[in-house]
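Trainee: Residues in the sequence shown are numbered from 0 upward in steps of one, following numbering that gives the first Met the number 0.
All residues carry an ideal CB built from backbone N, CA and C; glycine is no exception.
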Amino acid sequence: MIQKTICVHPSVHALDARLREGMAKLTPVSFVSCADIAECRDGEAVISLSGDDEVIRKLPAGNLRCFHLAGAVSREDTGLGGNSIEFAQSERLDKRLRGRALVHQPIPGYSGLRIEPGDEILARCGGNPVWVARPRPASSLDVVSVPLPKLATGDILFDYFHRSRFFQVLPLLHFLREVTAGTGWDYPPLRACLMLDDPNLHWPSYGFLRYEKLLNEAKSRGFHVAFATVPLDAWVSHPAAVRLFRRHPEQFSLLAHGNDHSKHELSRSRTEKDYLRLAAQSLRRIDRLEKNTGLHVSRVMAPPHGACTDESLAALLAAGFEGVCAATNLLRKGNHRLHHACFGLKLAEIAAGSAPVIPRFKLDSSCEDAIVISAFLNKPIIPVGHHHTAVDGLDLLSHTAEVVNSLGDVKWQSPEKILRSNFRTFRENTTLWIEPYSCRIQLIVPSGITHVGLYVSENNGDCYSDFTFLVRHGSQSRNGQKVSSVPQPVMPGDHLEFVSVDLGKVNYREVAHPQFSLSARALPRRLFCELRDRFMPLIPRDMIPKAWTSG
Ligand SMILES: [Zn+2]
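Here it is in structure tokens:
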């Protein structure tokens, strides 16, 4: 991989160390100090952070790209900030940003930019230009007036790059991507599903959701709904509900939502052994559901209330779950070992060697910022709601899908398919390097490729697990060899599968039941919750307790 050297004026120390580290992991760059901007050469890229607007006039002519932070005007007045960033409909901007107005927290200590003739405004905040492209002979200059963050102790880059807080970092990442275009990693296409927690197959409806109506909406608006269903509910299923799922796998899929759906089920203090028993029981119940209905359930876990711990992740992987879908902020709270320079900014977080956690976020009327930031970072787009998300009909779900579809070509698919395509690739001559963000990935070898290698990075403090490698070519298959660091010979059109050796290393069918089987208490509790949800549409809207619709 070609790493581009980025000159930082007046020195690299003007760029926060963790910001530097994060950017160098997200793009193929390294940073060097540049005391005199006049000495930069043709073809180089410069970040100018002195705040001296005169310094950019010293830039030599020629093909030299520069990101300039305009002179800071100290102001306490955050009112100027407004509460959104408005991106222009400009060809200079990443397609995913063009023309959007995204909710943003007020940004203290910034001023609007003074516009010069020829400037193209790329973004405004509260009506003030904050990012412009300034033309230069043979090149252009990005000028930004919002200061880059200085990370306080305990802060990580993710604190400055998530829904409603992204603009202090986004223009710099945009610039670094632009100057390294075509030399770094290729990402998977945009992938999405809408996720709904709790519904089951006991009836062709659940609370405010009418499955057939939702299916028709999904078909006509082009989206996929993944139902996170509680394995404890697998004891019965309604044929009409099953039929809808069986006939329409493009629109509907199922995944696991805990085991009993007890409180803090995957985030309380338990040993890995206890979690293994829980995960194994969850899988056995899923097996039963599949056997009784002929449906497939993604081996993906959506933890109840979104939270899970390191121990639960290791156990889920060992039992055979291919991944977890959880809120990034809750994952951060419960997993201190995962805090690396770009935690929350990559395709997935990898725990316990190879257990991937893909992010999800709350589906609400203002989730456009979360959708766009996920897309900008190439992460899966998974807004999550409940049956009461449809309290006013399906408009909110349809509108959310429409926002996702406005990003361009989006693959709507089940969480299992999202996880199996969760890797990035880099082409080196005829070798394709693959960096997995999942424990089971599948791909078809593209033309012109003769070898495939697994690229293992230090994604976090843990060591990566070994992977085995399966090749299918026509009816033949080359089986199960361990992947070494040496690229393997392949043929274009081969179907490849890489599987972590830690996935399903325990036979869940032989694992004992949870030591203190919760089911005796859990079943009545779950039945109460289900009845409550199912009768909720009969209760006058203003009499529904808030607690019932907050989880
Ligand atoms: Zn739930």
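Do Arg17 and Leu156 have their beta-carbon atoms positioned less than 9 Å apart in this structure?
Mentor: Yes, they are a contact pair.
Trainee: In the structure shown, what three-state DSSP assignment does Asn127 receive?
Mentor: Strand at Asn127.
Trainee: According to DSSP, is Gly384 helix, strand or coil?
Mentor: Reduced to three states, the DSSP call for Gly384 is strand.
Trainee: Whether or not the stretch 300-315 and the stretch 261-279 are in contact is what I'm after, with contact meaning three or more pairs of Cβ atoms, one per stretch, closer than 8 Å; do they touch?
Mentor: Touching, yes.
Trainee: Evaluate the contact criterion for the stretch 481-498 versus the stretch 442-452: three or more CB pairs, one atom per stretch, below 8 Å.
Mentor: Taking 8 Å as the limit for Cβ pairs, the verdict is that the stretch 442-452 does touch the stretch 481-498.
Trainee: Over what stretch of residues does the alpha helix (DSSP H) that includes Gly322 continue unbroken?
Mentor: Here Gly322 belongs to no alpha helix (DSSP H); instead the beta strand (DSSP E) covers 322-325.
Trainee: Going by the beta-carbon positions, is the gap between Ala34 and Ile84 smaller than 9 Å?
Mentor: No, these two residues do not count as a Cβ contact at 9 Å.
Trainee: Where do the N-terminal and C-terminal ends of the alpha helix (DSSP H) with Pro414 fall, by residue?
Mentor: From DSSP, the alpha helix (DSSP H) with Pro414 extends over 414-419.
Trainee: Just to confirm my understanding: we take Val505, look at its own chain, exclude 5 residues before and 5 after, and list those with CB closer than 7 Å. What are they?
Mentor: Closer than 7 Å at the Cβ level, and outside the excluded window around Val505, lie Leu275, Ala317, Ala318.
Trainee: Can you give the Cα-Cα distance for Asp118 and Lys218, rounded to whole angstroms?
Mentor: Cα-Cα distance, rounded: 44 Å.
Trainee: Assess contact between the stretch 187-195 and the stretch 132-150, defined as three or more Cβ pairs (one per stretch) separated by less than 8 Å. Is contact present?
Mentor: The stretch 187-195, when compared against the stretch 132-150, does not touch it at the 8 Å Cβ threshold.
Trainee: CB Asn421 to CB Pro188, shorter than 9 Å?
Mentor: Not a contact, by the Cβ cut-off of 9 Å.
Trainee: Let me know the secondary structure DSSP gives Glu53 once reduced to three states.
Mentor: Here Glu53 sits in coil by DSSP.
Trainee: Rounded to the nearest angstrom, how far is the Cβ of Ser437 from that of Gly343, given a contact under 8 Å?
Mentor: No, Ser437 and Gly343 are not in contact; Cβ-Cβ is about 17 Å, not under 8 Å.
Trainee: For Ala326, verify whether its CB is less than 8 Å away from any heavy atom of ligand 1.
Mentor: For ligand 1, not one heavy atom lies less than 8 Å from the Cβ of Ala326.
Trainee: Please classify Arg181 as buried or exposed, where buried requires at least 16 other C-beta atoms within 10 Å of its C-beta.
Mentor: At residue 181 the sequence reads Gly, which differs from the Arg that was named. It is exposed - the Cβ of Gly181 has fewer than 16 other Cβ atoms within 10 Å.
Trainee: Closest to Leu112 by CA distance: which of Arg95, Met0, Gly70, Ser139 is it?
Mentor: The shortest Cα separation from Leu112 among Arg95, Met0, Gly70, Ser139 belongs to Gly70.
Trainee: What did DSSP end up calling Ala511 once you bin it into helix, strand or coil?
Mentor: In the structure shown, Ala511 sits in coil (DSSP, three-state: anything other than H, G, I, E or B).
Trainee: Excluding sequence positions up to five away, which residues of its chain have a Cβ less than 7 Å from the Cβ of Cys204?
Mentor: First, the residue type needs correcting, since residue 204 is Ser and not Cys in the sequence shown. Within the same chain, Ser204 has close Cβ partners Tyr210.
Trainee: Please determine, among Asn258, Asn428, His247, the residue with the shortest C-alpha to C-alpha distance to Gln412.
Mentor: Nearest C-alpha to Gln412: His247.
Trainee: Answer yes if the stretch 293-309 comes into contact with the stretch 517-529, meaning at least three C-beta pairs across the two stretches below 8 Å, and no otherwise.
Mentor: Segments in contact, no.
Trainee: Looking only at its own chain, which residues have a Cβ that is under 7 Å from the Cβ of Ser405, when we skip the five neighbours before and after it?
Mentor: Contacts found: none.
Trainee: Can you list, in chain order, the stretches of the beta strand (DSSP E) that have 3 or more residues and sit fully within the stretch 275-312?
Mentor: You should have 296-300.
Trainee: Below 8 Å, can you find three or more Cβ-Cβ pairs linking the stretch 322-331 to the stretch 280-296?
Mentor: Not touching, per the Cβ criterion.
Trainee: With three or more C-beta pairs closer than 8 Å as the rule, is the stretch 340-360 touching the stretch 371-381?
Mentor: Contact between the stretch 371-381 and the stretch 340-360 is present, because at least three Cβ pairs lie under 8 Å.
Trainee: Is there contact here, the stretch 528-547 with the stretch 347-359, by at least three beta-carbon pairs under 8 Å?
Mentor: Counting Cβ pairs under 8 Å, fewer than three are found: no touch.
Trainee: Would you mind sorting Met22 into buried or exposed? The rule is 16 or more other CB atoms within 10 Å of its CB.
Mentor: Buried.
Trainee: My parser needs the alpha helix (DSSP H) runs of 4 or more residues fully inside the stretch 215-243; what are they?
Mentor: None, since the stretch 215-243 contains no complete alpha helix (DSSP H) of that length.
Trainee: What did DSSP end up calling Glu211 once you bin it into helix, strand or coil?
Mentor: Reduced to three states, the DSSP call for Glu211 is helix.
Trainee: Leaving out the 5 sequence neighbours to the left and right, which residues in its chain are closer than 6 Å to Thr327 when beta-carbon positions are compared?
Mentor: So the qualifying residues of the chain are Gly343, Pro358.
Trainee: Terminal residues of the continuous alpha helix (DSSP H) containing Pro170?
Mentor: Segment 169-178, the alpha helix (DSSP H) holding Pro170.
Trainee: Just the C-alpha distance for Gly78 and Gly125, rounded to the nearest angstrom, thanks.
Mentor: Caution applies to Gly78, whose pLDDT of 45 falls short of 50 and renders its modelled position unreliable; the model cannot decide the point.
Trainee: Going by DSSP in three states, Gly333 sits in which element: helix, strand or coil?
Mentor: In this structure, Gly333 counts as helix in the three-state DSSP scheme.
Trainee: Under DSSP, the beta strand (DSSP E) around Val102 begins and ends at which residues?
Mentor: Residues 100-102.
Trainee: When the Cα of Val168 is compared with those of Phe66, Pro59, Leu200, Thr179, which residue comes out closest?
Mentor: The shortest Cα separation from Val168 among Phe66, Pro59, Leu200, Thr179 belongs to Phe66.
Trainee: With DSSP collapsed to three states, give me the class of Glu75.
Mentor: The pLDDT assigned to Glu75 is 48, lower than 50, so where the model puts this residue is not dependable; a value taken from the coordinates is nonetheless given after this. Looking at Glu75 - three-state DSSP - the assignment turns out to be coil, as it is neither helix nor strand.
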